[in-house]
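Visitor:
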Amino acid sequence: MSETRAGAIRSLREAVRHAHFLTPGLADAALSSLAGFVVSLYAVRSLDGPALGTYSLYLAAYVVGSMFAQHLLYLPSQIAALKAEPAARPAILGPTLWRGALLSSVVAPFVGIAGLLLSGDVSSSTLVALGAGAALLTVVTPMQDQVRSTLYLAGEHSRAALVSAMQLLFTCVALAALYLAGAADAWVPFGALAIGAGGSGAFGLMITALPPGGAFDVPPARSLMRTGMTLLPAALIQEATIFIAAATLASVASAAALGSAEAARIVARPVQAFSLGISRSLAPRLMEAGEARSRSRARRVVFLYVAAIAGAGLVYLAVAGWSYSLSPFVEVVPAAYAKEGLVALVLVATLAGAITQVPRGVLLGAGMGQELLVITVLASLCRIAAVALLAASMGAYALPVAHLLSLALGGALGLRATGRLLDRP
Numbered sequence: 025m026s027e028t029r030a031g032a033i034r035s036l037r038e039a040v041r042h043a044h045f046l047t048p049g050l051a052d053a054a055l056s057s058l059a060g061f062v063v064s065l066y067a068v069r070s071l072d073g074p075a076l077g078t079y080s081l082y083l084a085a086y087v088v089g090s091m092f093a094q095h096l097l098y099l100p101s102q103i104a105a106l107k108a109e110p111a112a113r114p115a116i117l118g119p120t121l122w123r124g125a126l127l128s129s130v131v132a133p134f135v136g137i138a139g140l141l142l143s144g145d146v147s148s149s150t151l152v153a154l155g156a157g158a159a160l161l162t163v164v165t166p167m168q169d170q171v172r173s174t175l176y177l178a179g180e181h182s183r184a185a186l187v188s189a190m191q192l193l194f195t196c197v198a199l200a201a202l203y204l205a206g207a208a209d210a211w212v213p214f215g216a217l218a219i220g221a222g223g224s225g226a227f228g229l230m231i232t233a234l235p236p237g238g239a240f241d242v243p244p245a246r247s248l249m250r251t252g253m254t255l256l257p258a259a260l261i262q263e264a265t266i267f268i269a270a271a272t273l274a275s276v277a278s279a280a281a282l283g284s285a286e287a288a289r290i291v292a293r294p295v296q297a298f299s300l301g302i303s304r305s306l307a308p309r310l311m312e313a314g315e316a317r318s319r320s321r322a323r324r325v326v327f328l329y330v331a332a333i334a335g336a337g338l339v340y341l342a343v344a345g346w347s348y349s350l351s352p353f354v355e356v357v358p359a360a361y362a363k364e365g366l367v368a369l370v371l372v373a374t375l376a377g378a379i380t381q382v383p384r385g386v387l388l389g390a391g392m393g394q395e396l397l398v399i400t401v402l403a404s405l406c407r408i409a410a411v412a413l414l415a416a417s418m419g420a421y422a423l424p425v426a427h428l429l430s431l432a433l434g435g436a437l438g439l440r441a442t443g444r445l446l447d448r449p
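Counting in my numbering, the sequence shown runs from 25 upward without gaps.
1. Would you mind giving the Cβ-Cβ distance between T165 and S56, rounded to the nearest angstrom? I have them listed as a contact below 8 Å.
2. Which residue wins for smallest C-alpha separation from L192, given the options T272, A159, V62?
3. Express the C-alpha separation of G438 and V451 in angstroms, rounding to a whole number.
4. DSSP three-state call for T251: helix, strand or coil?
5. Terminal residues of the continuous alpha helix (DSSP H) containing E286?
6. According to DSSP, is A39 helix, strand or coil?
7. Which same chain residues, not among the five before or five after V280, have their C-beta less than 7 Å away from its C-beta?
8. For Q394, count neighbouring Cβ atoms within 10 angstroms of its own Cβ and tell me buried if that reaches 16, exposed if not.
9. Going by C-alpha distance, which of D241, A218, A245 is nearest F194?
10. Quick one: Cα of A432 to Cα of R440, how far?
11. Rounded to a whole number of angstroms, what is the C-alpha to C-alpha distance between L405 and L445?
12. Can you look up L369 in the DSSP assignment and give me helix, strand or coil?
13. Quick one, which of A138, H427, L140, L117 has its alpha-carbon nearest A285's?
14. Say whether the region 105-118 touches the region 145-152, bearing in mind that this needs 3 or more beta-carbon pairs closer than 8 Å, one atom from each stretch.
15. Can you find the residues in the same chain that come closer than 6 Å, C-beta to C-beta, to A100, ignoring five residues on each side of it along the sequence?
16. By the 10 Å Cβ neighbour count, where 16 or more other Cβ atoms means buried, how is M190 classified, buried or exposed?
17. Is the distance from the Cβ of A288 to the Cβ of V372 below 8 Å?
18. At what residues does the alpha helix (DSSP H) containing A216 begin and finish?
19. Indicate the three-state DSSP secondary structure (helix, strand or coil) for D72 in the structure shown.
20. When the distance is taken between beta carbons, is R172 closer than 8 Å to G228?
21. Roughly how many angstroms separate the alpha carbons of L127 and V87, rounded to a whole number?
22. Assuming the contact rule is C-beta atoms closer than 8 Å, I103 and M311 should be a hit. Round their C-beta distance to whole Å, please.
23. Go ahead and pull the three-state DSSP assignment for L429.
24. Whether or not the region 313-329 and the region 372-392 are in contact is what I'm after, with contact meaning three or more pairs of Cβ atoms, one per stretch, closer than 8 Å; do they touch?
25. Expressed to the nearest angstrom, what Euclidean distance is found between the alpha-carbon atoms of A409 and L396?
26. Please name the residue in F134, L106, Y66, V425 whose C-alpha comes closest to that of F92.
27. So what does DSSP say about E109, is it helix, strand or coil?
28. Using CA coordinates, which residue listed in L300, A344, P352, G419 is at the minimum distance from I379?
29. If you draw a straight line from the alpha carbon of T442 to that of P383, how long is it in whole angstroms?
30. Taking the C-alpha atoms as reference points, what is the distance between G434 and G206?
31. Quick one: using the 10 Å Cβ neighbour count with 16 as the cut-off for buried, is G283 buried or exposed?
32. If you count every other CB in all the chains shown that lies within 10 Å of the CB of D241, and 16 or more means buried, which is it?
33. Taking Q94 as the reference, which of V325, A125, A67, K363 has the closest Cα?
34. Between the alpha carbons of I333 and F327, how many angstroms are there, rounded?
35. Less than 8 Å between C-beta atoms, sequence neighbours within five positions excluded: which residues of the same chain meet that for V330?
36. So, at 6 Å on beta carbons, what are the nonlocal neighbours of A39 in its own chain, with the 5 sequence-adjacent residues on each side left out?
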């Protein structure tokens, strides 16, 4: 057998091995994203422009609220678990889940009042419904994600994907039940999402093989929170920027303009789902490469990540990025295509955002929270300033344009920091 042929066979085997490794993560993200897509589709078809804009604002608000438990307790525990054998890593669940729920419960009321920024555009009953649902999501979603992420850390990728399958099932059943019960439209989206996250999280905990006591010495909560204090500011600023950008667009332009941007974002969800699936499978490897300061390990993972996301994203952009007579997307989400080119712009920004997240995993594994904070602050300031300057003249287009500008800055800084890290002995 010639050397060239042998090399080709090795490459094919490597591709098959990677495809098999990534399949559960892709299925996981597809299922969980489908649950969100079904709910968002209900929202975009049942809520009017201002109410849809408020729904988008609350989506951003609950993600910001979720950051506290996620980065003060859950993510530090996952980083600490990298030092243990995979089978011992689920030991982090017991000490972190109830503490995380308590912390999220303190934050949740602040999420519930976020809609007061748009109180003049929507009814009080709509604000109450969306606010209560977003507050509940702030508590249950990070818990479910901790269970699912721990399964990936333990090497139980198929079980993690099963958690998302149950999330889709619970969400769809809840959506149908709330609709058939005659619940007001504003109560349905977040209510269904909360039931889906809570039910699937409980299911995931039941199927997680918890190690015997003493298998892994989980750091105390105080130690985890000290680590988390270096991670929270960057994550909080990043997510708060999305909220502030949305609120700025709604204030300078209108809630309806924010609703148009939200409709375009819904069309972009498959790209987000695909990148999330790749990330769920490869993020632990990126973190391990950062912890080991290994350029070769990082290069292999990054190449696979970027190639998969760029290839799939460009295909989806060609299919869904524009309006044409036989497009199923125009039929399902017509509001997204009301402004020409908006969907394509949002898709490009989403694709770029997924790719520029690569350095974050490496830097997290290396414990470089301060570098992440500096990068995030600069990129966030760029994004907010761009929205404020462009909202009046560009309307809904201002959000993706500002996002692209901030990604260009943050991506360049992230690559530079990662390069310096991997050059160290």
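Even for Gly, the Cβ is constructed at its ideal location relative to N, Cα and C. Just so we're clear, the structure is a prediction, and the values are computed from it rather than from any experiment.
Guide: Short version:
1. Along the sequence shown, read from residue 1 onward, the residue named residue 165 stands at position 141. Along the sequence shown, read from residue 1 onward, the residue named residue 56 stands at position 32. The Cβ separation is near 10 Å, so there is no contact.
2. As a position in the sequence shown, residue 192 is number 168, starting the count at 1. For the residues T272, A159, V62, the minimum Cα distance to L192 belongs to V62.
3. Look at the range of the chain in this structure, 25 to 449, and you will see that residue 451 is not part of it.
4. The residue labelled residue 251 in the question sits at position 227 within the sequence shown. Of the three classes helix, strand and coil, the one that applies to T251 here is helix, per DSSP.
5. One-based indexing of the sequence shown puts residue 286 at position 262. Looking at the DSSP string, the run of the alpha helix (DSSP H) that includes E286 is 279-291.
6. By 1-based counting over the sequence shown, the position of residue 39 is 15. Reliability fails at A39, whose pLDDT of 45 lies under 50, so the model's placement of it is uncertain and the value that follows must be treated cautiously. Helix at A39.
7. Residue mapping note: residue 280 aligns to position 256 of the sequence shown, counting from 1. The question names Val, yet the displayed sequence has Ala at residue 280. These residues qualify, in order along the chain: G73, P74, G77.
8. Numbered from its first residue, the sequence shown carries residue 394 at position 370. Answer is exposed; the Cβ neighbour count stays below 16.
9. Translated into the one-based positions of the sequence shown, residue 194 becomes position 170. Nearest C-alpha to F194: A218.
10. Your numbering for residue 432 matches position 408 in the sequence shown. Your numbering for residue 440 matches position 416 in the sequence shown. Rounded to whole angstroms, A432 to R440 spans 12 Å at the Cα level.
11. Walking along the sequence shown from the start, residue 405 turns up at place 381. Walking along the sequence shown from the start, residue 445 turns up at place 421. If I take the Cα positions, the gap works out to 25 Å.
12. Counting from one through the sequence shown, the residue named residue 369 turns up at place 345. Helix.
13. By one-based count along the sequence shown, residue 285 stands at place 261. For the residues A138, H427, L140, L117, the minimum Cα distance to A285 belongs to H427.
14. With a cut-off of 8 Å on Cβ pairs, the region 105-118 is not in contact with the region 145-152, counting fewer than three such pairs.
15. One-based indexing of the sequence shown puts residue 100 at position 76. It is Pro, not Ala, that sits at residue 100 in the sequence shown. Once the five neighbours on either side are set aside, the close Cβ partners of P100 are L248, T251, G252.
16. Taking the first residue of the sequence shown as position 1, residue 190 is located at position 166. It is buried - the Cβ of M190 has at least 16 other Cβ atoms within 10 Å.
17. Mapped onto the sequence shown, residue 288 falls at position 264. Mapped onto the sequence shown, residue 372 falls at position 348. No; because the gap between Cβ atoms is not below 8 Å, this pair is not in contact.
18. Position 192 of the sequence shown holds residue 216. Start and end: 212-231.
19. As a first step, residue 72 must be located in the sequence shown, where it is residue number 48. In the structure shown, D72 sits in coil (DSSP, three-state: anything other than H, G, I, E or B).
20. Along the sequence shown, one-based indexing puts residue 228 at 204. Along the sequence shown, one-based indexing puts residue 172 at 148. Yes, Cβ-Cβ distance for G228 and R172 is below 8 Å.
21. Stepping through the sequence shown from its first residue, residue 127 is reached at position 103. Stepping through the sequence shown from its first residue, residue 87 is reached at position 63. Those two C-alpha atoms are separated by around 14 Å.
22. Taking the sequence shown and counting its residues from 1, one reaches residue 103 at position 79. Taking the sequence shown and counting its residues from 1, one reaches residue 311 at position 287. Correct: roughly 7 Å between the Cβ atoms.
23. For the purposes of this step, residue 429 is taken as residue 405 along the sequence shown, with counting starting at 1. Assigned with DSSP and collapsed to three states, L429 falls in helix.
24. yes
25. By 1-based counting over the sequence shown, the position of residue 409 is 385. By 1-based counting over the sequence shown, the position of residue 396 is 372. Cα-Cα distance, rounded: 20 Å.
26. For the purposes of this step, residue 92 is taken as the residue at position 68 of the sequence shown. Residue nearest to F92 within the set F134, L106, Y66, V425 is F134 (criterion: CA-CA distance).
27. Position 85 of the sequence shown, counted from the first residue, corresponds to residue 109. Note: E109 maps to coil in three-state DSSP.
28. Residue 379 sits at position 355 when you count from the first residue of the sequence shown. Checking every option, the nearest Cα to that of I379 belongs to L300.
29. Taking the sequence shown and counting its residues from 1, one reaches residue 442 at position 418. Taking the sequence shown and counting its residues from 1, one reaches residue 383 at position 359. Cα-Cα distance, rounded: 6 Å.
30. Here residue 434 corresponds to residue number 410 of the sequence shown, with the count starting at 1. Here residue 206 corresponds to residue number 182 of the sequence shown, with the count starting at 1. Taking the straight line joining both Cα atoms gives about 46 Å.
31. Taking the sequence shown and counting its residues from 1, the one referred to as residue 283 is at position 259. Burial call: buried.
32. Looking up residue 241 in the sequence shown gives position 217. Its Cβ having fewer than 16 others within 10 Å, D241 is exposed.
33. The sequence position of residue 94 within the sequence shown is 70, counting from 1. Closest by alpha carbon: A125.
34. The residue labelled residue 333 in the question sits at position 309 within the sequence shown. The residue labelled residue 327 in the question sits at position 303 within the sequence shown. Cα to Cα, the separation comes out at about 10 Å.
35. Here residue 330 corresponds to residue number 306 of the sequence shown, with the count starting at 1. Closer than 8 Å at the Cβ level, and outside the excluded window around V330, lie I379, V382.
36. Translated into positions along the sequence shown, residue 39 becomes position 15. Residue confidence is low: A39 scores 45 on pLDDT, short of 50, so the model does not pin down where it sits. No coordinate-derived value is stated.
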